[in-house]
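Note sheet for the following structure.
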Amino acid sequence: MPLISEDLTDTELVARVRAGDRDAYGLLVRRHAPVAHRTAVLLGAGADAEDVVQEALVKAYRSLGGFRADAPFRPWLLRIVANEARNAHRTASRRVGREVLAARTGGDPEIDRAADPATHAVSSARRDQLHAALLRLSEPDRLVLTCRYLLELDEGETSTVLGWPRGTVKSRLSRAMRRLRTEVGDDA
Amino acid sequence: MTLDHELRALGRAVAEPADSQVDDLVGAVLARVADEPVPVARRGVSGWLRERWRALTAGLAGVVVVLALTPPVRAAVADFFGFAGVVVHTTPAGPGPTGPVGAAPGATGTDLASARAAVGFPVRVPGELDEPDGVEVSGDRRVVSMSWGGVRLDQFDGALSPAFAKRAGDVDRVMVGDGQGLWFPGPHEVLVMNRDGSERTETARASGRTLIWQLGTVTLRLEGDLDLARALAIADSVPS
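For the record, the sequence lines run as chains A and B.
Note that numbering that gives the first Met the number 0 has the first sequence beginning at 0, numbered continuously upward.
Note that numbering that gives the first Met the number 0 has the second sequence beginning at 0, numbered continuously upward.
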């Protein structure tokens with residue numbers, strides 16, 4: 000693959016894909032695979048994360064004709080990943096409750112093979128505590144905190160990924176943060 | 000360290016996929032899309048549609064009423080907006096109809112299993128909601144309706160022919176999953192249509208806030224005391 004393609008923006012790559020260049024889609028996949036994978040894991044796909052990401056990327060390709068060329072590609076893609084992850088999770092553990100979610104993501108070996116040194120600034124006991132507290136929150140609270148902080152998306156991206164109006168993201172975020180503080184006992 | 004920094008650290012603790020995993024992913028995705036048609040930009044139509052949406056729908060009432068006399072053209076109009084089985088008439092904003100949410104004509108109460116057996120399309124229950132309090136199948140077996148307190152979900156095979164006509168002062172296009180939906184933020188009038196496409200005026204009833212979207216050939220309409228965020232959360236939770 001020519002090196003120069005690595006320098007193309009997402010918008011330029013999307014234009015090439017729509018002009019019939021499938022290799023350009025390979026570059027988009029490569030560029031967004033890590034964040035797509037994290038999104039799938041953190042939104043509950045657990046061990047199915049790889050399948051979820053692959054499925055979402057195929058669906059994204061099929062939907063690319065309707066993608067607004069002036070919109071950012073990443074949140075559009077992550078929304079498809081998020082829906083796929085939530086569907087996979089529901090299929091696997093519909094109505095079985097939080098225990099299953101905890102077993103699938105809480106004890107997730109993926110979370111312990113930490114690559115980033117920043118991770119070590121937070122002890123694993125504290126990470127477990129935060130993770131358990133997140134699982135006790137309502138789904139909307141958990142989703143907004145996951146997108147905004149764990150996935151480090153900005154408010155606009157979070158709004159696209161969750162399909163919520165921006166004002167809703169803002170108000171849910173501060174409410175969810177208050178609830179999380181209460182859960183971990185930080186406000187005591 | 001503040002709580003938001005700790006959350007970021009927790010997110011980064013998710014292992015990145017290994018290079019070999021990414022290579023495999025790229026290979027698998029490209030192999031699967033190799034025979035797919037090129038996703039040519041639908042900008043010409045959809046960009047124009049987005050810009051012209053309000054103007055278009057404002058002028059639509061007359062257009063659809065005329066076209067409704069010619070079934071094939073009417074069907075094309077319904078398909079053009081992507082919601083088989085629904086025709087939208089817009090009327091100038093004004094006081095909407097009021098009154099209770101009614102049932103589809105000839106509807107009889109039943110349970111989920113019998114409803115699934117009675118109709119020729121998949122009947123889904125949103126993951127966000129529990130088992131419905133009530134389930135009904137319309138007399139002509141085209142519509143399955145479920146209710147939960149103040150929320151109602153209708154599902155019907157839109158490929159058959161337009162089943163509902165809606166008259167609304169305001170309608171917005173929204174994303175549902177990776178497809179399009181229509182959001183009616185205020186009260187509007189709904190009519191159930193005859194099989195030949197004519198409206199049954201006696202079935203007119205008031206409808207609250209409503210979200211309409213499609214899964215395959217099945218069109219779903221969710222109605223009730225909901226804001227858009229809640230409606231989208233329920234829509235997202237319908238198994239595809």
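Note that CB positions come from ideal geometry on N, CA and C, so glycine has one too.
- Here A112/B is exposed, its C-beta having fewer than 16 other C-beta atoms within 10 Å.
- If you ignore the 5 residues before and after R165/A, its C-beta comes within less than 8 Å of the C-beta of E154, G155, S158, all in its own chain and listed in chain order.
- Nearest CB-CB separation between H130/A and chain B: below the 8 Å threshold.
- At least one CB of chain B lies nearer than 8 Å to the CB of P33/A.
- Three or more Cβ pairs drawn from the region 113-129 of chain B and the region 214-223 of chain B lie within less than 8 Å of each other, which places the two stretches in contact.
- Sixteen is the threshold: since fewer than 16 other Cβ atoms of the shown chains lie within 10 Å of the Cβ of G184/A, the residue is exposed.
- Cβ proximity to chain B below 7 Å picks out L56, V57, K58, Y60, R61, S62, L63, G64, G65 from the region 55-67 of chain A.
- Taking 8 Å as the CB threshold, A112/B stays off the interface with chain A.
- Here D171/B carries a strand assignment [DSSP, helix/strand/coil].
- Judged by DSSP in its simplified three-state form, W163/A adopts coil rather than helix or strand.
- For D185/A, no alpha helix (DSSP H) segment is defined, and its DSSP state is neither H nor E.
- Residues R15, A23, L26 of the same chain have their beta carbon placed closer than 8 Å to that of L7/A, with the five preceding and five following residues left out of the count.
- According to the DSSP assignment, E54/A belongs to the alpha helix (DSSP H) that extends over 48-62.
- Under the three-state reduction of DSSP output, T8/A falls in the coil class, being neither helix nor strand.
- Here S144/B carries a strand assignment [DSSP, helix/strand/coil].
- Here D224/B carries a coil assignment [DSSP, helix/strand/coil].
- Looking at the backbone, the Cα of P131/B and that of V142/B are separated by about 15 Å.
- Counting along the chain, T209/B sits inside no alpha helix (DSSP H); it lies in the beta strand (DSSP E) bounded by residues 209-214.
- Put simply, the backbone Cα of D50/A is about 12 Å away from that of N86/A.
- Contact with chain B is absent for R178/A, since none of that chain's Cβ atoms lies less than 8 Å from the residue's Cβ.
- Across the set T145/A, R180/A, A175/A, the C-alpha of T145/A shows the shortest separation from the C-alpha of A12/B.
- For G10/B, the chain A residues whose C-beta falls within less than 8 Å of its own C-beta are R37, L41, T145, Y148, L149, L150, E151, listed in chain order.
- One thing to note: A32/A has its Cβ within 8 Å of the Cβ of V21/B.
- Residue-level contact check: S19/B does not touch chain A, since none of the beta carbons of chain A fall below 8 Å from its beta carbon.
- Distance from the CA of S236/B to the CA of V121/A, rounded to the nearest whole angstrom, comes to 34 Å.
- Boundaries for G119/B: no beta strand (DSSP E) harbours it, and the DSSP string shows neither H nor E there.
- The DSSP-derived three-state label of G180/B is strand.
- Cβ proximity to chain A below 9 Å picks out G126, E127, D129 from the region 121-155 of chain B.
- Spanning the alpha carbons of D3/B and Q128/A requires a straight line of approximately 14 Å.
- The beta carbon of V121/A sits closer than 8 Å to some beta carbon of chain B.
- DSSP places E5/B in the uninterrupted alpha helix (DSSP H) bounded by 2-11.
- Contact note: D235/B reaches chain A through N82, R85, G162, using a C-beta cutoff of 8 Å and chain order.
- The shortest CA-to-CA distance from E35/B to any of A46/A, D47/A, R37/A, L63/A is the one to L63/A.
- Residues of chain B whose Cβ lies closer than 7 Å to the Cβ of V51/A do not exist; the shortest such Cβ separation is about 11 Å.
- In the DSSP annotation of this structure, D156/B is not part of any alpha helix (DSSP H); the continuous beta strand (DSSP E) holding it starts and ends at 150-156.
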